[in-house]
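Worksheet for the structure shown next.
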């Protein structure tokens, strides 16, 4: 573009013609632009018309004369606002995308356009036009200010003096410029390094403040105009808005809001001395008292910017900024504004509610400042008034309002100077009550409740996962507060809490006389009350334990207090054991609480442990043929009691062994005289096994003989000829589990023709088959093997006598168990492979496919509640759907039990990993048919595989890992790639009648699987990770990444999988793949002939650029640019013609012509020069600039990308609010219709 003078306003000749504009005829161009804009906004236009018009407008922006046309359009006040605005966008496009093509005259012309347009704004111009004019100024400033444009500050000051409208433009310029320079990742800013940030500091800060702060500061190029600086000018302007009610004028109010917003954009980084010298806190408090809610919201955000700063501990900050804000009048102002926002909260005013939430966040920041600077605030600090205010906020019915101060209280109570003050001590009791009451699980209260807290939760949360994460954080802070209170006043607080709990439990026990199993619910009001109270007791117990291990640890001074506390908890627990509840869920929770108190709080009192164990032994066996929900709760209670007995045994095994004969006699009596489930009988056997295994008084030979005699039946079961024959082929596997007759039964009962399986009851033959399947499954030696392995490996240190005994007793069992175990894994996975059912008619194959489809509930996606889902599952057990659930559940449990057993063997280290020829058969069993599993089931396999890799001893890695890891990532690549292909196809073929909820659930699980898989891949290449082998070798020799990188058999499928993940449409996974590749790339800089180097410079670079070019990946564009820059850097040695990455770049559209070759070479040189420390952002900016025309959508244009409907509806939130809703990653997937719904969640230490 050649330089052009300001154009005279052209005359529009819009005549409705749609011909091509004649060259050099701007009137025709304006007419076509107006027609195109009209076509876009006309509701009668077709989509094709809008698309064509949009494409034409984009072409018009790229026209060589676009800047001249754009400037002329924007200047022409006779044109419609939309047309003038488009003129600004034409100029903006030229500034952003053509600046680096222009010579000095061209850039100066663009600069003059931006200045003249800002100077020419008037009150008649729409606000969006004025804001865009300011944006043009900023875009020029980011490229030229401090370089070729030195008088910008002088121009701003002159503009400032013209009118209120021009002041608004100046404020917009300053706010946007400061945001782009200090708060955003902006490519143009990054290309300038630190020049712009230094320039902003220069013109914003008063000269006197800079001189005092940096007395030896050298003054370089004179960028500032005048001594005041913009922070002082804005502070001086702010009071004028409140003179003579000027604030009531719409334009004055808009300017006032802009002024405060501009202050906010500077207050997070400007030096504290400037904040103090300008008195901006006082001016903001005046603004806060204005009563104009729009201005108050902006003011609170500006104050937050000050008090949310890090490094607030300096004396200057404390005395000159924090202290004045916490004086009596200002504390009173904060209270008045807060109280005003809470008036009539039941009749929600959204603006007042938004201000209320922001005020409490400000209080949280102020409280943190107060806590850190308490000793330096001086006598005028209104500490008592502030604490009283945050106590009142804590009681607010909105949890979103109260959580910032709840979090603050959790920090204040850890500070002795606050916690022991009279003001806080006077509030402790009430704080304890509030936190105790709010431990109720609000998410399980009835949806039609009129509870104000629940109504606010619905207002504040967009999705159930957000709500669950938020409430989890809220409860965590509540328990933290309770814990701190008990820690500071252990005896009084514990006595109060335990007394309240005992009263509640006793009253609910009395109500249980009316208990009806037919109306049982896990989330009944009684259950929710008891669960909340148990959480209070649990927090109190943790506080007592911390006191006991800290302040109360002195063996002499605190002995009486310590014994008194222990007596209190023991007496309370023994009383609890006497309470009998008919509700199994309540019984389960109280049993767990008693075991926790015994093992955690009172580990030196085995007498209580014996009483708790006796209570668990005497658990009444009830009729489990009752209603489904009650029956399942009874089974859960049985399972839980087995776990609790083991928890006791882990801690008190020595004492329990002294009672071994009595316990064995009692267990045998119960098993002989009561109708117990297999699970409960195995629990007794496992307990006795544990006591022998961990006994320190039993000689080793006797112990070995006893333990081997216990597991001998397990070994015999695994070598049973019937089992071996049943695993010899897929057909015999089906016969062994009573699946052989399924196709005939499906055919004869017309399963194919029934649409709703849950509505069709099974006949007697179906129920008999169902029972037979369950019976055959129970006959497999899975539960006993799992239980004894757990008992002999959990909570046992490597190298201990117990671990040596474990290895001794299992050394003879593993070779016996492993052959059929691996066959069982393989056959259970093959069951899901539809090719194994290909001999059936197509209609039967369709039935089998449906049988293999899991039912599951997913938080945030499923349209029904969790309770409704479980109720539906429970009520369908004797239906066709329940029959299908029995089949797939049986196979799943076999598969996951086998995984658990393999995990148990993993813990035996060399005994397992050192088996000759193990890697091949193990990999075949685990991965040969894994592609046929659903994404969720592959996730379970992946979890186990992670442990398989982690625990491998260093010296056995070459023997074990190459085959296992390569097979794992080959199947993950196949499975995940094919699933994402299906997702893409389904989206492209989506119809109105598709079941979107099911598709969303499937896609969500796939995203989680992809992320878990790429997380494992990235961790294998992480140089900081060494695995879990405890052998004492050098860091280099034990480094897992070093081993992986040196093993081509592992590295090839690993890199291939990571590269394919760059193309997966999941932002988290793509981001992690980028990081993994960036970790690897520097290791393969040379030689260029290295196959990994070639792969990175060619295939990885192409994948990165392809994703870079797609709008979906706009959120990771900058990360992709960093990866591209790094690949160019490692490939920049040698002659340009030999650089693979250069050839890839030159093959791209727009970069393949000879004219662009020099641009590519310049970019490569700049990227290579930016490879030093701290230069990553500049290298990234070079890539973004080079590929500007390649990427599908610019980051600056990302607002134009169509986002999911849900995303566009999300409520705007502060960073603090987002933090309180963090932890939403796991979407809460729960399967239905099968036993052990947790799958193998407890497999890796999760109970």
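Numbering (full-length UniProt numbering), first residue to last: 1 to 1247. Glycine residues also receive a C-beta, built at the ideal position from the N, C-alpha and C atoms. A quick note: this is a predicted structure, and the numbers were derived from the prediction, not measured.
Query raised in the report: Any idea if residue 716 is buried or exposed, counting beta-carbon neighbours within 10 angstroms, 16 or more meaning buried?
Result: Around the beta-carbon of residue 716, fewer than 16 other beta-carbon atoms lie within 10 Å, marking it exposed.
**Report entry** Boundaries (first-last residue) of the alpha helix (DSSP H) holding residue 734
**Finding:** First-last of the alpha helix (DSSP H) with residue 734: 730-736.
**Report entry** Reduced DSSP category for residue 761 - H, G, I as helix; E, B as strand; rest coil
**Finding:** Assigned with DSSP and collapsed to three states, residue 761 falls in strand.
Requested in this report: Please state if the CB of residue 879 and the CB of residue 757 are separated by a distance shorter than 8 Å.
Outcome: Yes, these two residues count as a Cβ contact at 8 Å.
Query raised in the report: Which residues in the same chain as residue 451 place their Cβ atom closer than 7 Å to its Cβ, once the five residues preceding and following it in sequence are excluded?
Result: Same-chain partners within the cutoff: 445.
Query - 8 Å CB neighbourhood of residue 385 in its chain, flanking five on each side removed - result: Contacts found: 328, 331, 332, 335.
Query - Exposure label - residue 439; buried when at least 16 CB within 10 Å - result: With 16 or more other Cβ atoms from the protein chains shown falling within 10 Å of its own Cβ, residue 439 counts as buried.
**Report entry** Neighbour-count burial assignment, residue 191, 16 or more Cβ in a 10 Å radius
**Finding:** Residue environment: residue 191 is assigned as buried (16 or more neighbouring CB atoms within 10 Å of its CB, all protein chains considered).
Query raised in the report: Which residue from 476, 480, 479, 443 puts its Cα closest to that of residue 463?
Result: Looking at the Cα atoms, 443 is the closest of the given residues.
Query - Through-space distance from residue 1144 to residue 1102, alpha-carbon basis - result: Answer to the nearest angstrom: the Cα atoms are 7 Å apart.
Query raised in the report: What does residue 810 pair with, by DSSP beta-bridge criteria?
Result: Paired residue(s): none; residue 810 is not in a bridge.
Query raised in the report: Smallest Cα separation from residue 1081: which of 1023, 1069, 1113, 554?
Result: Here the closest residue by C-alpha is 1023.
Query raised in the report: Would you say residue 901 and residue 823 are within 8 Å of each other, going by their C-beta atoms?
Result: Not closer than 8 Å, so no.
Requested in this report: Specify the secondary structure class of residue 879 as computed by DSSP and reduced to three states.
Outcome: In the structure shown, residue 879 adopts extended strand secondary structure according to DSSP, grouped into three states.
Query - Paired residues, beta bridge with residue 980 - DSSP - result: Partner(s): none; residue 980 has no beta bridge.
Query raised in the report: What separation, rounded to the nearest whole angstrom, lies between the Cα atoms of residue 422 and residue 393?
Result: Between the alpha carbons of residue 422 and residue 393 lies a distance of about 20 Å.
Query - Neighbourhood of residue 630 by C-beta distance below 6 Å, restricted to the same chain and skipping five residues each side - result: The residues are 517, 520.
Report task. Run through the stretch 148-175 for me and flag every whole alpha helix (DSSP H) of 4 or more residues, listed as ranges in chain order. Result -> Those alpha helix (DSSP H) runs which fall completely within the stretch 148-175 and span 4+ residues are 152-160.
Query raised in the report: Do you know whose CA, among 1000, 968, 70, lies nearest residue 987's CA?
Result: Here the closest residue by C-alpha is 1000.
Query raised in the report: So, helix, strand or coil for residue 56, using DSSP?
Result: If DSSP states are grouped into helix, strand and coil, residue 56 belongs with the helices.
Requested in this report: Say whether the stretch 897-913 touches the stretch 786-796, bearing in mind that this needs 3 or more beta-carbon pairs closer than 8 Å, one atom from each stretch.
Outcome: With the cut-off at 8 Å, the stretch 897-913 and the stretch 786-796 touch.
Query - Cβ neighbours of residue 719 in the same chain (closer than 8 Å, five flanking residues each side left out) - result: Counting only Cβ-Cβ distances below 8 Å, and skipping sequence neighbours, we find 816, 820.
Query raised in the report: Under three-state DSSP, which class holds residue 145?
Result: In the three-state scheme derived from DSSP, where H, G and I count as helix and E and B as strand, residue 145 is classed as strand.
Query raised in the report: Can the beta-carbon of residue 1058 be found closer than 8 Å to that of residue 1041?
Result: The Cβ-Cβ distance between residue 1058 and residue 1041 does not fall below 8 Å.
Report task. Please state if the CB of residue 962 and the CB of residue 893 are separated by a distance shorter than 8 Å. Result -> In this structure, residue 962 does not lie closer than 8 Å to residue 893 by Cβ.
**Report entry** Exposed unless 16 or more other CB atoms sit within 10 angstroms - verdict on residue 206
**Finding:** It counts as buried.
Query raised in the report: Which of helix, strand or coil does DSSP assign to residue 225?
Result: Coil at residue 225, not helix or strand.
Query - Neighbourhood of residue 1020 by C-beta, 7 Å cutoff - its chain only, sequence neighbours within 5 removed - result: For residue 1020, where only same-chain residues beyond five positions count, the Cβ hits under 7 Å are 1040, 1041, 1044, 1054.
Query raised in the report: Going by the CB atoms, is the gap between residue 297 and residue 355 shorter than 8 Å?
Result: Their beta carbons are under 8 Å apart, which means residue 355 touches residue 297 by this criterion.
Query - Nearest-angstrom beta carbon gap, residue 487 and residue 546 [assumed within contact, 8 Å] - result: Residue 546 to residue 487, Cβ: 5 Å. Contact.
Query raised in the report: Using DSSP with H/G/I as helix, E/B as strand and the rest coil, what is residue 831?
Result: In the structure shown, residue 831 sits in coil (DSSP, three-state: anything other than H, G, I, E or B).
Query raised in the report: Anyone know if the C-beta pair for residue 300 and residue 362 falls short of 8 Å?
Result: Between residue 300 and residue 362, the C-beta spacing is below 8 Å.
Requested in this report: Could you give the DSSP three-state label for residue 743: helix, strand or coil?
Outcome: Here residue 743 sits in helix by DSSP.
Requested in this report: Tell me whether residue 400 is buried or exposed, calling it buried when 16 or more other Cβ atoms sit within 10 Å of its Cβ.
Outcome: That one is buried.
Query raised in the report: Roughly how many angstroms separate the alpha carbons of residue 1198 and residue 325, rounded to a whole number?
Result: With a pLDDT of 38 at residue 1198, under the threshold of 50, the modelled position of that residue is not reliable, and no figure is offered here.
Query - Range covered by the alpha helix (DSSP H) that runs through residue 1152 - result: Counting along the chain, residue 1152 falls outside any alpha helix (DSSP H), and DSSP gives it neither H nor E.
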